[in-house]
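Visitor: Note that the UniProt record's numbering numbers the sequence shown so that position 88 is 88, with each residue one more than the last.
If you scroll down you'll find the structure; I have some questions about it.
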Amino acid sequence: MTEVQSKSCIIRSEQDLIIENRILNHEEDKVLVQVEAGGICGSDIHYYQHGRAGASVIQEPMIIGHEFVGIVKTAPVGSALKVGQKVAINPSQPCYQCERCRNGQLNHCQSMRFMGSAQHFPHTQGGFTQYVSVNTNQCFPYDASIASEIMAFSEPLSVAIHAVNKAGSLIGKKVLVIGSGTIGGLVIAAAKAAGAQVVLGCDVSERSCKVAIDMGADHSFSPLDHEEVTKYQQDNGYFDVTFEATGVPSAIQTTVDFTKPNGKCIQLGMGNSSIEYPISQFLVKEIEWTGSFRFNTEFAVAVNWLETKRVDPTPLISGVFSLDDAESAIIAAADKSKSTKVILKI
Ligand SMILES: [Zn+2]
Ligand SMILES: [Zn+2]
1 MTEVQSKSCI IRSEQDLIIE NRILNHEEDK VLVQVEAGGI CGSDIHYYQH GRAGASVIQE
61 PMIIGHEFVG IVKTAPVGSA LKVGQKVAIN PSQPCYQCER CRNGQLNHCQ SMRFMGSAQH
121 FPHTQGGFTQ YVSVNTNQCF PYDASIASEI MAFSEPLSVA IHAVNKAGSL IGKKVLVIGS
181 GTIGGLVIAA AKAAGAQVVL GCDVSERSCK VAIDMGADHS FSPLDHEEVT KYQQDNGYFD
241 VTFEATGVPS AIQTTVDFTK PNGKCIQLGM GNSSIEYPIS QFLVKEIEWT GSFRFNTEFA
301 VAVNWLETKR VDPTPLISGV FSLDDAESAI IAAADKSKST KVILKI
């Protein structure tokens, strides 16, 4: 990584903080939150290493981070939030005015501002900083006895629960989750919590296969294991629902092979913008293929599932670093052979 690239994403300095606080004091309708912990996501790593995430290119200094929690320092008069309360922050800031928002499709807002994203200019600043100024409706209070690094999973768990919602009822269903990173691991736990009969994990990495089991999978296997693969391809597929959380082209073929006729595939992995697609098999098996993007109202559910321990993300935490050590944290997070989710304590 070049020096220029590493400067394109900043962690806010003490001096900036003083300036920001002065500004924040004038915004009485906002909530000032002292950030406690944040999870490093793939897009944060892309911004830091390459100055871009997909089509979003950094054009000015931007604070990264969209998976974070903190403590309310000041709240607007009349707000239900209390000073000292612990809150998970929903990084989505939909406009609530466009047609999609009015139809309740907040994740498809036509002018969505998402914290820690360079999609718009000026960029929407993120959460890896000591203080953030957010809207009251972005703050979800949680039980203070739950560790902040656990609650930092509120955002990625929302993504997982949204995908489970997209699949419809999972009660009694056989489910496969391809890819056992953070999102795959959380989908495994969420599918179990939603009543799936059997949930299997599939990943090329032995370490990730173990993570899948730790997150509640009944079994996990490698897509390179011929014996296992043959077993799930037999009789035109084994699974009622397959969640594809990698976006890797070969995994798309696997998804179609393993899913029963009339089964469902939920696409969570971004991958390349265009890939080879097994169209005839997909058609003949009448597979329902659904995209799943971010989340809508699932954020509140995710906060509840974490604070009630319905989902325990602990096996996904591969490192905890202080803000002073942010660069090492990002480098560690980028090493997928060792890391699932790296947490920054702020
Ligand atoms: Zn994320
Ligand atoms: Zn909108």
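Think of the CB as a built atom: it goes at the ideal place given N, C-alpha and C, for glycine as much as any other residue.
All of these numbers come straight from a predicted model, not from anything done at the bench.
For the alpha helix (DSSP H) that contains Y48, what are its first and last residues?
Guide: Per DSSP, Y48 belongs to the alpha helix (DSSP H) from G42 to H50.
Visitor: Closer than 8 Å is the cut-off here; do at least three beta carbon pairs connect the region 184-198 with the region 249-258?
Guide: No: fewer than three Cβ pairs fall under 8 Å.
Visitor: S220: which of T297, V175 and G319 sits nearest, CA to CA?
Guide: Closest by alpha carbon: V175.
Visitor: Count the other CB atoms, across all protein chains shown, that sit within 10 Å of the CB of S339; report buried if there are 16 or more and exposed otherwise.
Guide: Result: buried.
Visitor: Starting from L200, follow its DSSP beta bridges and name the residues at the other end.
Guide: Partner(s): L176 and H219.
Visitor: In the structure shown, what three-state DSSP assignment does L24 receive?
Guide: Here L24 scores only 49 on pLDDT, less than 50, and its place in the model should not be relied on; the value that follows carries that caveat. It is helical.
Visitor: Let me confirm a value: F299 is counted as buried when at least 16 other C-beta atoms fall within 10 Å, else exposed. Which label applies?
Guide: Label assigned to F299: buried.
Visitor: Return the first residue and the last residue of the beta strand (DSSP E) that S133 is part of.
Guide: It spans Y131 to V134 - the beta strand (DSSP E) in which S133 sits, taken as one unbroken run.
Visitor: So, with DSSP's three-state summary, where would you put M151?
Guide: Here M151 sits in helix by DSSP.
Visitor: Are L306 and I150 close, meaning C-beta to C-beta below 8 Å?
Guide: Yes, Cβ-Cβ distance for L306 and I150 is below 8 Å.
Visitor: For F258 and Y238, I'd like the C-alpha separation in whole angstroms.
Guide: Cα to Cα, F258 sits roughly 6 Å from Y238.
Visitor: Helix, strand or coil: which one does DSSP assign to T2?
Guide: Unreliable placement is indicated for T2, whose pLDDT of 38 sits below 50; no coordinate value is reported for it.
Visitor: Roughly how many whole angstroms lie between the Cα atoms of M62 and Y131?
Guide: If I take the Cα positions, the gap works out to 14 Å.
Visitor: If distances are taken between C-alpha atoms only, which option among L316, L81 and G291 comes closest to Y142?
Guide: When only C-alpha atoms are compared, the closest one is L81.
Visitor: How long is the line joining the alpha carbons of V204 and T230, rounded to whole angstroms?
Guide: Roughly 16 Å between the two C-alpha positions.
Visitor: Given S111, which residues of its chain have a CB within under 6 Å of its CB, disregarding the five upstream and five downstream residues?
Guide: Cβ neighbours of S111 beyond the five flanking positions: C95.
Visitor: Looking at the unbroken alpha helix (DSSP H) that takes in N304, where does it start and where does it end?
Guide: Start and end: E298 to E307.
Visitor: Which of the three DSSP states, helix, strand or coil, is assigned to F293?
Guide: In this structure, F293 counts as coil in the three-state DSSP scheme.
Visitor: Is residue 425 a contact residue of ligand 2, with contact defined as CB to any heavy atom under 7 Å?
Guide: Examination of residue 425 is not possible in this model, given that the chain is present from 1 through 346 alone.
Visitor: Using a threshold of 8 Å, state whether the C-beta atoms of G65 and Q34 are closer than that.
Guide: Going by C-beta atoms, G65 is not nearer than 8 Å to Q34.
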